[in-house]
Structures are given as C-alpha cells and as structure tokens.
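Following: one structure in structure tokens, then a few remarks.
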Amino acid sequence: MRGRKPIQRYIDADHSNICFKPCGIKRTELEKVILREDEMEALRLADYEGLYQQECADKMGISRTTFSRLVESARKKIADALLHTKAIRIG
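All residue numbers for the sequence shown refer to the working numbering, where the first residue is 5 and numbers rise by one.
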C-alpha cells in the first residue's frame, strides 16, 4: 500500500546548489548536512521574515503542523553543522 500523494510546496526563491562551510577546512574533508529547499524556505519565512507559523504554512501551501516539523528539522540540521564543524548544502 502506498502512502499519501505529497502536497506540492510553494517555495518563493531558488535556494538550490548553495553550500556553506567552515573556514580553513577543505570541503572534501567535511561531513555535509543537506538542508532541503522546503526547509530553507521555512527558515526564511519564520526566522528572516518573522512571520507566524500559520502565515508561513499558508504561504507554502501546507498545514501548520507540517510547517512546524520543517522548521524544527532545519534548525536541528543547522545546529548540528555549526556545533560539529560540518558543511551545509542547500538543495
């Protein structure tokens, strides 16, 4: 039995193929954290634009609970990369 069909999420900007890494360490020597584009959009709306979660969810065309999971996952990935000297790749 197959799961539900995924709902298309609206993403305002193209964040794909962007990479951030710690200074002084070769990229090939770093572990990478992959931040999906929908997670990046969730961060942009919540943390940069300062919108409430329901407003963010409406803009992305998803439920508030789904939005909450996205932003939580994104924040955890970024914290992991910062605390453990990993590269962050978006997309």
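Each residue gets a CB set at the ideal place from its N, CA and C atoms; glycine is no exception. The model shown is predicted, which means the values in this text are computed figures rather than measured ones.
Are the beta-carbon atoms of residue i and residue j separated by less than 9 Å?
i, j, result
"residue 79", "residue 36", "no"
"residue 89", "residue 34", "yes"
"residue 23", "residue 91", "yes"
Given residue i, which residues of its chain have a CB within under 7 Å of its CB, disregarding the five upstream and five downstream residues?
i, result
"residue 58", "68"
Give me, in chain order, the residues of the same chain whose beta-carbon lies closer than 6 Å to that of residue i; leave out the 5 immediate sequence neighbours on both sides.
i, result
"residue 50", "60, 75"
"residue 21", "95"
"residue 38", "93"
Can you name, in chain order, every residue of its own chain whose Cβ lies under 8 Å from the Cβ of residue i, other than the five neighbours on each side?
i, result
"residue 31", "23, 25, 91"
Open item on the list: Does the structure place the stretch 45-54 close enough to the stretch 69-84 that three or more beta carbon pairs sit under 8 Å?
Closed with: yes
- [ ] Write down every uninterrupted run of the beta strand (DSSP E) in the stretch 29-64 whose length is 3 residues or greater and which is fully enclosed by it, in chain order.
- [x] Annotation: the stretch 29-64 contains the following complete segments of the beta strand (DSSP E) (minimum length 3 residues), in chain order: 36-39.
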